[in-house]
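Visitor: Dropping the structure in here first, questions after.
Numbering (the numbering used here), first residue to last: 5 to 261.
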């Protein structure tokens, strides 16, 4: 079974044809789709928009690029959600130092508080890490959580090894399909296969063949083919192992599947 460990199926880009996008993913053999939350300060979009799609499982969290429109009350609301209906994971949370003019202190505060919630509820986390790998690792060492996934990993081998030591799998998707992504392709060739999970991040990070168009979870089988080729292993073995890896770091998948 193919598992898309990171897909924003609730995004506005899918409002016009979400049913068709979901059906195409199911027809392509994608058995589960993890839908991370990005905000809790209004009606929770993933929960509302994926309610009719049984293969979708939601996570709750405040994305680092949404902290400027979030408040301390949102952290309380997140705690309530975790208590009332525990999700697959806490996420998408993390740090993003790519955007100019960001409030690093505010991002860090929200990240730390959400790590504490994940620890309190013994939930894994889905990490957003952009230009901030070492600061994220620093907080993970301070506030131990049960692991999770470092989504769209784009760091060094040394940094990858540090995440693995902390119980994290590393998510790879469209970026590795570009022949010019030499560092990422070398990582997916050489990392322990047990540490790799597949993702699309749809509608974002489209694979090379989409020429910058909208990404979708139905692209996951072809992304898996690229990874199998890079690893030099049969596609069925690659699919089985990455699904097992996803279930290992997201234990709720074990009971669900």
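C-beta: ideal position from N, C-alpha, C; glycine also. On a predicted model such as this, the values are computed, not experimentally measured, just so you know.
I'd like the ranges of any beta strand (DSSP E) spanning at least 3 consecutive residues and lying wholly in the stretch 197-226.
Guide: Listed in chain order, the complete beta strand (DSSP E) runs (minimum 3 residues) inside the stretch 197-226 are 200-202.
Visitor: So what's residue 175 in DSSP terms, helix, strand or just coil?
Guide: If DSSP states are grouped into helix, strand and coil, residue 175 belongs with the strands.
Visitor: Are at least three pairs of beta-carbons, each pair with one atom in the stretch 114-126 and one in the stretch 241-250, less than 8 Å apart?
Guide: The stretch 114-126 is not in contact with the stretch 241-250.
Visitor: Roughly how far, in whole angstroms, is the beta-carbon of residue 155 from the beta-carbon of residue 203, given that I think they are within contact range, below 8 Å?
Guide: With 8 Å as the limit, residue 155 and residue 203 qualify as a contact, their Cβ atoms being about 6 Å apart.
Visitor: From residue 208 to residue 65, what distance separates their C-alpha atoms?
Guide: So the alpha carbons of these two residues sit roughly 18 Å apart.
Visitor: Quick one, which of 179, 172 and 227 has its alpha-carbon nearest residue 127's?
Guide: That would be 172, whose Cα lies nearest to the Cα of residue 127.
Visitor: In this structure, does DSSP put residue 154 in helix, strand or coil?
Guide: It is a strand residue.
Visitor: Beta-carbon separation of residue 108 and residue 181 under 8 Å?
Guide: Against a cut-off of 8 Å, the Cβ pair of residue 181 and residue 108 comes out as no contact.
Visitor: Check the C-beta distance from residue 188 over to residue 179 and give it rounded, since I have them as a contact under 8 Å.
Guide: Their Cβ separation, rounded to whole angstroms, is 5 Å, which keeps residue 188 and residue 179 in contact under 8 Å.
Visitor: In three-state DSSP terms, what is residue 189?
Guide: Note: residue 189 maps to helix in three-state DSSP.
Visitor: If you reduce the DSSP assignment to three classes, tell me which class residue 14 lands in.
Guide: Three-state DSSP puts residue 14 in coil, outside helix and strand.
Visitor: Could you tell me the distance, in whole angstroms, from the CA atom of residue 15 to the CA atom of residue 215?
Guide: The straight-line gap from Cα to Cα measures roughly 20 Å.
Visitor: Per DSSP, residue 132 forms a beta bridge with which residues?
Guide: DSSP output for residue 132 lists 98 and 155 as bridge partner(s).
Visitor: Grouping DSSP H, G and I as helix and E and B as strand, with all else coil, what is residue 41?
Guide: It is coil, neither helix nor strand.
Visitor: If you draw a straight line from the C-alpha of residue 139 to the C-alpha of residue 102, how long is it?
Guide: Approximately 13 Å, taken between the alpha carbons.
Visitor: So residue 39 packs on residue 62, CB below 8 Å; how close in whole Å?
Guide: Residue 39 to residue 62, Cβ: 5 Å. Contact.
Visitor: Leaving aside the five residues before and after residue 7 along the sequence, list all residues of the same chain whose C-beta is less than 6 Å from its C-beta, in chain order.
Guide: 36, 247 and 250.
Visitor: When burial is assigned at 16 or more other CB atoms within 10 Å of the CB, is residue 20 buried or exposed?
Guide: With fewer than 16 other Cβ atoms within 10 Å, it is exposed.
Visitor: If you count every other CB in all the chains shown that lies within 10 Å of the CB of residue 175, and 16 or more means buried, which is it?
Guide: Under this definition residue 175 is a buried residue.
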